[in-house]
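What follows is one structure encoded as structure tokens, with my remarks underneath.
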Amino acid sequence: MEPKSGKLHKLGSGLFGPKWTEKWVHLDGTVLKCFPMAVEQQIFSLGSSRQNSSYELMDYKFAVVDEKKVNRKFAFQLEAIAKSSKAVTFACSSEKELAEWRFALTSRLCLPADVPVSPVITEKIRRAAEAFSEACVL
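Using my numbering, read the sequence shown as starting at 198 and increasing by one per residue.
Below, the structure is given as structure tokens:
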């Protein structure tokens with residue numbers, strides 16, 4: 198599957214309670230990596246040592262979060278399957294972006310790691326995502 202990258206807001210804990218921070222997020226296979234956004238950072242590299250968190254999607258399930266609960270629109274959560282891990286909450290900048298991330302994440306949640314996906318299945322998934330995105334706009 199094609200990697201997906203973009204800016205998302207991640208809910209973390211701050212000194213005075215929950216705090217949203219902007220992250221560069223890269224999804225490759227079944228691993229979601231988060232990198233800090235630096236205003237004056239030199240050329241960005243996915244191999245950067247500045248990665249601050251990584252999530253194996255096989256350990257999580259996807260859920261849309263009520264905006265009243267997290268005080269942010271277009272939020273979603275990766276809920277840990279094991280009780281020993283914490284849920285991770287992200288927010289997108291638009292409903293369209295939320296639909297794109299939802300598709301990218303959920304299409305990988307049901308795949309074992311390192312399993313190649315046939316081009317036919319990939320095309321069917323792409324068409325389904327387009328139809329879903331169009332339905333969200335209506």
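Ideal Cβ positions, reconstructed from N, Cα and C, are used throughout, including at glycine.
Check                                                                                                        : Outcome
7 Å CB neighbourhood of L208 in its chain, flanking five on each side removed                                : P215, W217, V267, T286
Sequence-distant residues of the same chain with beta carbon closer than 6 Å to E199, five excluded per side : none
For A288 and A272, believed in contact at Cβ under 8 Å, the rounded distance                                 : 4 Å
Local Cβ density within 10 Å of K280, reported as buried at 16 or more and exposed below that                : exposed
Selection from G226, D263, D256, M234 that minimises the alpha carbon distance to N249                       : M234
Alpha-carbon to alpha-carbon, E294 and H206                                                                  : 12 Å
For C333, three-class secondary structure by DSSP                                                            : Annotation note: pLDDT 49 at C333 (below 50); position unreliable, coordinate value reported separately. In the structure shown, C333 sits in a helix (DSSP, three-state: H, G or I).
Where E297 sits in the DSSP three-state scheme                                                               : helix
DSSP-derived helix/strand/coil call for T227                                                                 : coil
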